[in-house]
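**Q**
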Amino acid sequence: MTITCFIRYEIDPFGKAAFEQYARAWGQAIPRCGADLIGYYGPHEGSATTAYAAYNIESLAAYEAYRARLAEDPAGKANYEFARREKFILKEDRVFLRLVSGPHGPRQVFRTDVTIKEGIEA
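Using full-length UniProt numbering, you'd call the opening residue of the sequence shown number 1 and step up by one each time.
#1: Please return the same chain residues whose Cβ sits closer than 7 Å to the Cβ of Phe-82, not counting the five positions on each side in sequence.
#2: Ordered along the chain, which non-local residues of its own chain (more than five positions away) have a Cβ less than 7 Å from that of Glu-10?
#3: According to DSSP, is Phe-88 part of a helix, a strand, or is it coil?
#4: Is there contact here, the region 69–87 with the region 95–111, by at least three beta-carbon pairs under 8 Å?
#5: Could you compute how far the alpha carbon of Arg-67 sits from the alpha carbon of Asp-113?
#6: Is it buried or exposed, Asn-56, if we count other Cβ atoms within 10 angstroms and call 16 or more buried?
#7: Check for me: the alpha helix (DSSP H) holding Leu-60 runs from which residue to which?
#8: Can you give me the start and stop residues for the alpha helix (DSSP H) that Ala-29 sits inside?
Below, the structure written as C-alpha cells:
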C-alpha cells in the first residue's frame with residue numbers, strides 16, 4: 001500500500017525565493033533516495049507564508065530508510081544546511097495519508113477553442 005507524505009510549511013514571507021531554491025534542490029535528491037516526488041508548492045495567491053510538498057512512499061518502514069538515505073545524500077545534506085542557515089522555514093508539519101477515493105474515472109476533455117459568432121457556436 002502506497003502512502004503519501006504531505007508536508008505543510010510555514011515560511012518567512014521574505015524567504016519565498018529561498019524556499020523555491022530549496023524546493024528545486026529536492027527535485028533530484030528525493031527521487032534518487034527512493035521516494036516518488038509529487039512536488040513542492042509555494043505561495044502564489046492568498047497566503048504568503050504557506051507552502052506544501054507531497055511525495056509517495058511504499059510504507060512507513062520504507063520512509064524511515066528513505067530518510068536515512070536522504071540525510072546521507074550530499075545534495076540532501078547541503079539542502080538541509082541551506083535551510084538551517086537561511087532560516088526561511090519557520091514551521092514544518094508532516095502527515096501521512098493513503099488514497100481512499102480511487103479508482104477514479106477518466107478525466108473528461110472539453111473543447112476550449114469554441115467561439116461564439118452572432119449567438120451561434122462556430
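Using N, Cα and C, we set each Cβ at its ideal position, and we do this for glycine too.
**A** Judging by the given coordinates:
#1: Closer than 7 Å at the Cβ level, and outside the excluded window around Phe-82, lie Tyr-22.
#2: The answer, listed in chain order, is Thr-49, Thr-50, Leu-90 and Lys-91.
#3: It is coil, neither helix nor strand.
#4: Of all C-beta pairs linking the region 69–87 to the region 95–111, fewer than three are shorter than 8 Å, placing the two stretches out of contact.
#5: Arg-67 and Asp-113: Cα-Cα distance of roughly 46 Å.
#6: Burial call: exposed.
#7: First-last of the alpha helix (DSSP H) with Leu-60: 60–72.
#8: Ala-29 -> alpha helix (DSSP H) spans 16–32.
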